[in-house]
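A short write-up of the structure that comes next.
There are 2 protein chains.
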Amino acid sequence: MRGFDKNDVPSVTVPRLALYLRKLRELNTRGVSRISSKDLAEMIDVNAAQIRKDLSYFGSAGTRGVGYEVEDLIEKITGWLGLDRTWNFIIIGAGLLGTALARYRGFGEQRFRLVAMFDSSATVIGARYGPEESDRVRSVRELDEFCRKESVDIAMVTVPAGEAESTVQRLAEAGVKAVLNFAPVKVHAPEGVLVRQVDLSSELMSLSFYLDKGQDER
Amino acid sequence: MRGFDKNDVPSVTVPRLALYLRKLRELNTRGVSRISSKDLAEMIDVNAAQIRKDLSYFGSAGTRGVGYEVEDLIEKITGWLGLDRTWNFIIIGAGLLGTALARYRGFGEQRFRLVAMFDSSATVIGARYGPEESDRVRSVRELDEFCRKESVDIAMVTVPAGEAESTVQRLAEAGVKAVLNFAPVKVHAPEGVLVRQVDLSSELMSLSFYLDKGQDER
């Protein structure tokens, strides 16, 4: 019943949709009800033609001279991104980064729900990581059984680099279909599993590009 | 003395350069010395024409039928991104996320060097965060003086959402020119300061898009 085929949507469009959504929600909070692609473009540093093209993959077009209805577009993008439902995720690796992610408030706002956290170290198994008494780190030995019993959509991997590959393999065997790998090492994606690599230094690289530019201009 | 003007480079090209660089380094490690834009495109899910266009902003072109020399291209992109020098960064907010970032190994590989960490809470000031005896959390009261004495290029902000705006303002007053904001709130960029917002849930949104697609296809 969709008006588009997701296979036609370029992979680079998807993160931009998330960017548009964030800005549109902010505009909506501020009471803005309509926006032109030109004004939106200026706010987020993507050109207007790109925005129109990205949205056109989904068959949505603003009205010429009127622009987009903010609330309507929020609802549409939310649906396109699959954010009109709740996604359950687990975290493997209860170190500093894993625990920080467990407490990151931004996920809940997007209906991503942390359902369990796992670690292999006896010193952290059983430790509390969230507000509920039952939010306690489980042993990775329970991973397989947990994933088969519960509905787990996504796994975040925050284990040491040397354990990332085997962890992703284990998740695949447990039936998990999507992995966000925070370990600073590229892992092989098992057949049928979506793996996205998060490199926290990419953002720093973008900054250094512009800082370097600033220095050229002096 | 550069062969290009960074102002001509679209902002969306910059994160892609980081992506190309990562893949090229991986190829180099594996002993691959040459790569076509087509083969590179397949590996990283960006189309070949886009890769050629991105690289063309810098005046670099592969040889038709031969492709790019891997080592040469690594060196060039490293220079374009400003990664041929060391960048000093500080972290404001010694909570879980700040401490996790302090220990993240990926930064050092890119010549990003953590020079200090700050917090406002007496319970964490003085706590050790790194391998050196001197790696201890400083009071934010020392921030201004530290930034004036030391060369600080970038600040990562990992304070609670409610303190992000005032923290960025304070960094601007201390002369810091680039900020990476991890707090889950959009902050206003003071005049002359580059602020990039890191939203850890963007990556989850991209996954949900593709997961949703997978379910459509069943």
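Keeping their order, the protein sequence lines are chains A and B.
Residue numbering for the first sequence follows this note's numbering, beginning at -16 and increasing consecutively.
Residue numbering for the second sequence follows this note's numbering, beginning at -16 and increasing consecutively.
For each residue, glycine too, the CB sits at the ideal point set by N, CA and C.
Item	Value
Take every Cβ of the region 165 to 178 of chain B, pair it with every Cβ of the region 144 to 156 of chain B, and state whether three or more of those distances are shorter than 8 Å.	yes
Go ahead and pull the three-state DSSP assignment for VAL159 (chain B).	coil
Using CA atoms only, rank isn't needed, just tell me which of B:PHE72, B:LEU23, B:LEU10 is closest to GLY91 (chain B).	B:PHE72
Could one say the Cβ of LYS169 (chain A) lies closer than 8 Å to chain B's Cβ atoms, at least one of them?	yes
Where SER16 (chain B) and GLU54 (chain B) are concerned, what is the direct C-alpha to C-alpha distance, given to the nearest angstrom?	7 Å
Thinking just about the alpha-carbon of each residue, which of A:ALA32, A:SER134, A:ASP(-12) is nearest to the one in ALA157 (chain A)?	A:SER134
Please classify LYS59 (chain A) as buried or exposed, where buried requires at least 16 neighbouring CB atoms within 10 angstroms.	buried
Kindly list, in the order they appear in chain B, the residues whose Cβ is closer than 9 Å to that of GLN93 (chain A).	SER184, LEU187, MET188, SER191
Return helix, strand or coil for GLY109 (chain B), following the three-state DSSP convention.	coil
Helix, strand or coil: which one does DSSP assign to GLU116 (chain B)?	coil
Identify whether PHE165 (chain B) lies in helix, strand or coil by the three-state DSSP scheme.	coil
Buried or exposed for ASN164 (chain A), going by 16 or more other Cβ atoms inside 10 Å?	buried
Let me check you understand the geometry: is the CB of LEU23 (chain A) closer than 7 Å to at least one non-hydrogen atom of the ligand GDP?	With respect to the ligand GDP, the structure offers nothing, as it holds no ligand at all.
Does the region 178 to 187 of chain A come close enough to the region 178 to 186 of chain B that 3 or more CB-CB pairs lie under 8 Å?	yes
Residues bridged to TRP63 (chain A) by DSSP?	Answer is none; TRP63 (chain A) lacks a bridge partner.
Cβ of LYS160 (chain B) less than 8 Å from any chain A Cβ?	yes
State buried or exposed for GLY48 (chain B), treating a residue as buried only when at least 16 other CB atoms are found within 10 Å of its CB.	exposed
I'd like to know if the region 27 to 37 of chain A and the region 80 to 91 of chain A are in contact, where contact means that at least 3 CB-CB pairs between them fall below 8 Å.	no
Using a Cβ-Cβ cutoff of 7 Å, what residues of the region 87 to 115 of chain A are near chain B? List them in chain order.	TYR87, ARG88, GLY89, PHE90, GLN93, PHE95
Do LEU56 (chain A) and GLN93 (chain A) have their C-beta atoms closer together than 8 Å?	no
Run through DSSP, which three-state label would TYR3 (chain B) get?	helix
Less than 6 Å between C-beta atoms, sequence neighbours within five positions excluded: which residues of the same chain meet that for ARG5 (chain B)?	none
List the whole-angstrom C-beta distance separating LYS160 (chain A) from LEU194 (chain B), where the pair is believed to meet the contact cut-off of C-beta under 8 Å.	6 Å
Listed in chain order, which residues of the region 122 to 138 of chain A have Cβ atoms closer than 7 Å to some Cβ of chain B?	ASP136, ILE137
With 16 as the cutoff for other CB atoms within 10 Å, does ARG201 (chain B) come out buried or exposed?	Low local confidence applies: a pLDDT of 37 at ARG201 (chain B) is under 50, so the model's placement there is unreliable, with the coordinate-based value given in what follows. It is exposed - the Cβ of ARG201 (chain B) has fewer than 16 other Cβ atoms within 10 Å.
Listing by chain order, which chain B residues have their CB less than 7 Å from the CB of ALA157 (chain A)?	None at all; the shortest Cβ gap to chain B is about 16 Å.
With a threshold of 16 other CB atoms inside 10 Å of the CB of GLY45 (chain B), please say whether the residue is buried or exposed.	buried
For the pair the region 117 to 125 of chain A and the region 98 to 107 of chain A, tell me if three or more CB-CB distances fall below 8 Å.	yes
Less than 8 Å separating the beta-carbons of TYR51 (chain B) and ILE18 (chain B)?	yes
Enumerate in chain order the residues of its own chain whose CB-to-CB distance from ASN30 (chain B) is below 6 Å, with the five nearest sequence positions on each side excluded.	ALA24
Verify the CB distance criterion: does ASP37 (chain A) have a CB-CB separation below 8 Å to chain B?	no
DSSP has ASP127 (chain A) in a bridge; who is on the other side?	Note: ASP127 (chain A) sits in no beta bridge, so no partner.
Going by CA-CA distance only, name the one from B:ASN11, B:VAL140, B:ARG13, B:TRP63 that's closest to VAL(-8) (chain B).	B:TRP63
For VAL178 (chain A), does the three-state DSSP call read helix, strand or coil?	strand
Taking beta-carbon pairs under 9 Å, can you tell me which members of the region 14 to 34 of chain A lie near chain B?	ASP28, VAL29, ASN30, GLN33
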